[in-house]
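J.: All residue numbers for the sequence shown refer to our numbering, where the first residue is 227 and numbers rise by one.
The beta-carbon is built from N, C-alpha and C at its ideal position, and this holds for glycine as well.
One structure coming up, written as structure tokens, with questions to follow.
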Amino acid sequence: MKRLEKKVAVIIGAGQSPGVGLGNGRATVLRFAQEGARILAVDRSLDAAEETCNIAREKYNALEIEPFCADVRKESDLMDAIAAAERKWGRIDVLHYNVGVSVAGKDANATDITEDAFDFITQVNLRGCVMACKHVLPVMRKQQSGVILTVSSVSAWQRYPWVTYKATKAAMIAYTKQLAIENAQYGIRANTILPGLIDTPMAVDTRAVSFGKPREEVVSERNARVPLRSRMGTAWDVANAAVFLASDEAGFVTGVELPVDGGALVNIVR
Ligand SMILES: NC(=O)c1ccc[n+]([C@@H]2O[C@H](COP(=O)([O-])OP(=O)(O)OC[C@H]3O[C@@H](n4cnc5c(N)ncnc54)[C@H](O)[C@@H]3O)[C@@H](O)[C@H]2O)c1
227 MKRLEKKVAV IIGAGQSPGV GLGNGRATVL RFAQEGARIL AVDRSLDAAE ETCNIAREKY
287 NALEIEPFCA DVRKESDLMD AIAAAERKWG RIDVLHYNVG VSVAGKDANA TDITEDAFDF
347 ITQVNLRGCV MACKHVLPVM RKQQSGVILT VSSVSAWQRY PWVTYKATKA AMIAYTKQLA
407 IENAQYGIRA NTILPGLIDT PMAVDTRAVS FGKPREEVVS ERNARVPLRS RMGTAWDVAN
467 AAVFLASDEA GFVTGVELPV DGGALVNIVR
């Protein structure tokens, strides 16, 4: 028996940013496919979502997987994605909200932040998450079961220079806990994952391009900041945490924030 056998999962942010290696969203789709889930792979970039689906079919024995084009800044797109999954499979067991932007959204410190950057990042990181949940909750309440996973960040708790990413990721934790307690009576679990420094295209390649540094320099700077083995995590680490939280193994786990960070959050110097 696979760990997510036949579960229907809507994974939002299922493609990945350009660059070397594997992103968290794509790795999560691939692990969910390996574990037997049926997946709607949602992304603003249909090409990126299709690429994820092709890898899942060719290398990870995906049984049922479909790409879906949606921009999380539009509630109607999210509503359509949820409706498409329910129409196709008759239920939704897991909603995984992975989309998140920081540097690429022109985030800045407290004195340089612009209204446009703040609004854009908030729409993508937070409002999209809230709107996706708005539309999946009635489906899960009707079923009297379901799992919502949100991807926050250790930057919610650590010192972090840019204001909008910090504020939205912190808000996602509070929001997910509210979802957990308000929906416990319906058998719905809600948990959030807090990745630390992960070697993904979104984190490493975007910084290399934005700050005009070679990729290797960004990698070694980030590696040096990780307590566990002085090495960043990989997208598989985040995906494996998601598999656990989505599975029945976590059937009594709700309202938690799970750091996947190589010890970063216990390394706070006072
Ligand atoms: N890599 C790290 O070090 C790190 C650390 C902490 C948290 N995180 C979190 O992990 C998540 C990102 O992981 P990833 O590696 O999959 O990133 P990614 O950027 O590679 O993939 C995210 C996907 O979201 C899609 N997307 C962007 N804007 C969208 C929109 N408006 N509508 C729909 N789709 C959109 C992109 O096309 C992309 O395919 C984010 O939530 C990020 O904050 C990452």
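Let me make sure I understand the geometry here. Which of Met-357, Val-492, Tyr-323 has the alpha-carbon closest to that of Arg-299?
T.: Comparing Cα positions, the closest option is Met-357.
J.: Hey, out of Phe-344, Gly-438, Ser-379, whose CA is closest to Thr-418's CA?
T.: Measuring from the Cα of Thr-418, the nearest candidate turns out to be Ser-379.
J.: Applying the criterion that 16 or more other CB atoms from any shown protein chain within 10 Å of the CB defines a buried residue, is Ile-494 buried or exposed?
T.: Classification for Ile-494: exposed.
J.: Since Pro-421 sits in a beta bridge, which residues does DSSP pair it with?
T.: Note: Pro-421 sits in a beta bridge opposite Val-486.
J.: Could you check what DSSP says for Arg-353 in three-state terms: helix, strand or coil?
T.: Helix, per DSSP.
J.: Three-state secondary structure (DSSP) at Asp-269?
T.: The answer is strand: DSSP assigns Asp-269 an E or B state.
J.: Alpha carbon to alpha carbon, what distance is there between Ala-396 and His-322?
T.: So the alpha carbons of these two residues sit roughly 17 Å apart.
J.: In the DSSP assignment, find the unbroken beta strand (DSSP E) run with Ile-237 in it and report its ends.
T.: Segment 234–238, the beta strand (DSSP E) holding Ile-237.
J.: Quick one: complete alpha helix (DSSP H) runs, 4+ long, within the stretch 316–404?
T.: Runs found: 341–348, 354–369.
J.: Considering only the alpha carbon of each residue, which of Asp-333, Glu-231, Leu-248 lies closest to Val-464?
T.: Here the closest residue by C-alpha is Leu-248.
J.: Within the same chain, show all residues whose beta-carbon is closer than 7 Å to that of Tyr-412, passing over the 5 residues directly before and after it, in chain order.
T.: Cβ within range, chain order: Met-366, Arg-367, Gln-370.
J.: State yes or no: is the C-beta of Val-445 within less than 8 Å of the C-beta of Val-430?
T.: Taking 8 Å as the Cβ cut-off, Val-445 and Val-430 qualify as a contacting pair.
J.: Rounded to whole angstroms, what is the Cα-Cα separation between Tyr-286 and Tyr-401?
T.: When rounded, the distance between both Cα atoms is 33 Å.
J.: How far does the beta strand (DSSP E) with Glu-443 in it reach, from first residue to last?
T.: Note, Glu-443: premise wrong, no beta strand (DSSP E); alpha helix (DSSP H) at 441–450.
J.: Per DSSP, Cys-295 forms a beta bridge with which residues?
T.: DSSP lists Asp-269 as partners of Cys-295.
J.: Suppose contacts are defined by Cβ-Cβ distances below 8 Å. Is Gly-239 in contact with Asn-324 by that definition?
T.: For Gly-239 and Asn-324, yes; Cβs fall inside 8 Å.
J.: Need the endpoints of the alpha helix (DSSP H) that Phe-470 sits in, please.
T.: First-last of the alpha helix (DSSP H) with Phe-470: 461–472.
J.: Compute the beta-carbon to beta-carbon distance between Arg-283 and Glu-261, rounded to the nearest angstrom, for a pair I have assumed lies under 8 Å.
T.: No, Arg-283 and Glu-261 are not in contact; Cβ-Cβ is about 15 Å, not under 8 Å.
J.: What whole-angstrom Cβ distance do Pro-427 and Gln-242 have, given they're in contact under 8 Å?
T.: Yes, Pro-427 and Gln-242 are in contact; Cβ-Cβ is about 6 Å, under 8 Å.
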